[in-house]
């Protein structure tokens, strides 16, 4: 194991010619702590967007395999070879109006998917995506992963409870 004092995170591995150094030079009023937060916020989309694109195109591949197995045409209606199908599915889900049952607790029914998705993103924080690129450098990463994964059941419980 690397001692804590010698451990370097993804922000310390960069040279001074990086964009971060140029940002500090152009904005002298920004302190080191604010600059670190800005650098971390700039890296978050680079970690989440590939994950979301991977899920979208995995669903597309699954649909194509299912169409092949069932001997029917696959999702080739939108774009060439169905490549725009994940975009169509995402926009449909975004504009879909929720119709809760009359006896349902609306705020709980809207909170359940948010809890489940946030827990899955928090669990992803300790999984390294590239050499030196990890959101949280934790010595107890596997314990963190197990603990957060065990909390995922609460989103399901909240969804069931909201329908009463």
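Numbering (the UniProt record's numbering), first residue to last: 1 to 164.
Each residue gets a CB set at the ideal place from its N, CA and C atoms; glycine is no exception.
Nonlocal neighbours in the same chain, by C-beta distance under 8 Å from residue i, ignoring five residues either side
| i | result |
| --- | --- |
| residue 101 | 163 |
| residue 51 | 124 |
| residue 166 | For the chain, the structure presents residues 1 to 164; residue 166 sits outside this window and is missing. |
| residue 225 | An answer regarding residue 225 cannot be provided, because it is not within the stretch 1 to 164 covered by the chain. |
| residue 110 | 98 |
Residue i and residue j closer than 7 Å at C-beta
| i | j | result |
| --- | --- | --- |
| residue 160 | residue 115 | no |
| residue 112 | residue 158 | yes |
| residue 145 | residue 123 | yes |
| residue 119 | residue 141 | no |
| residue 60 | residue 85 | yes |
Cutoff 6 Å; reference residue i; Cβ partners in own chain excluding five residues on either side
| i | result |
| --- | --- |
| residue 104 | 162, 163 |
| residue 106 | 100 |
Same chain, Cβ closer than 7 Å to residue i, neighbours up to 5 away in sequence not counted
| i | result |
| --- | --- |
| residue 138 | 126, 144 |
| residue 108 | 158, 161, 162 |
| residue 149 | 123 |
* To do: Please determine if the stretch 85–97 and the stretch 53–60 are in contact, where contact requires at least 3 C-beta pairs separated by less than 8 Å.
  => yes
* Are there three or more Cβ pairs, one per stretch, closer than 8 Å when the stretch 43–52 is compared with the stretch 70–77? -> no
* Kindly provide the ranges of any beta strand (DSSP E) runs that are 3 or more residues long and lie completely inside the stretch 73–130, ordered along the chain. => none
* Which residue spans inside the stretch 24–70 form an unbroken alpha helix (DSSP H) run of at least 4? -> 32–69
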